[in-house]
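Below: one structure, written as structure tokens.
Numbering (this note's numbering), first residue to last: 84 to 193.
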């Protein structure tokens with residue numbers, strides 16, 4: 084797991100751990116980035132299953148409830164089959180765009 088922090092965004096890139104191991108590591112290290120937006124880059128995993136994406140549901144809900152963005156990047160998943168609570172985009176640029184939009188919504192009180 085590689086962790087990069089830019090301003091108010093933390094990018095977590097999956098290296099070679101399984102998704103379950105990655106989620107456990109994120110939960111363990113959560114205090115380090117609980118106050119920033121999080122992008123989880125899973126583009127090294129192709130294909131990725133819906134069951135693997137659902138592993139992130141609890142931490143995504145927790146992070147979003149704290150008024151921060153949580154975005155998963157993977158170009159191999161069918162977004163129409165994933166839960167609405169999990170934000171998934173195919174590219175890192177789209178993840179940044181989602182974070183920008185969500186920050187504007189939070190600033191406007193939505």
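Note that beta-carbon positions come from the ideal geometry of N, C-alpha and C, so glycine has one too.
Keep in mind the model is a prediction, meaning the values are calculated, not measured.
query	result
According to DSSP, simplified to helix, strand and coil, what is residue 126?	coil
Which same chain residues, not among the five before or five after residue 126, have their C-beta less than 7 angstroms away from its C-beta?	156, 157 and 158
From the DSSP output, read off the bridge partner residues of residue 118.	In the DSSP output, where bridge partners are listed per residue, residue 118 has none listed.
Please identify the residue among 84, 148 and 177 whose C-alpha is closest to the C-alpha of residue 189.	148
For the stretch 131-148 and the stretch 173-180, state whether three or more C-beta atom pairs, one from each stretch, are separated by less than 8 angstroms.	no
Alpha carbon to alpha carbon, how far is residue 111 from residue 117?	11 angstroms
To test your reading of the DSSP string, which unbroken alpha helix (DSSP H) runs of 4 or more residues are found completely within the stretch 123-171?	133-137 and 140-148
So is residue 113 buried or exposed if we call it buried at 16+ other beta carbons inside 10 Å?	exposed
Hey, residue 168 and residue 140: beta-carbon distance below 8 angstroms or not?	yes
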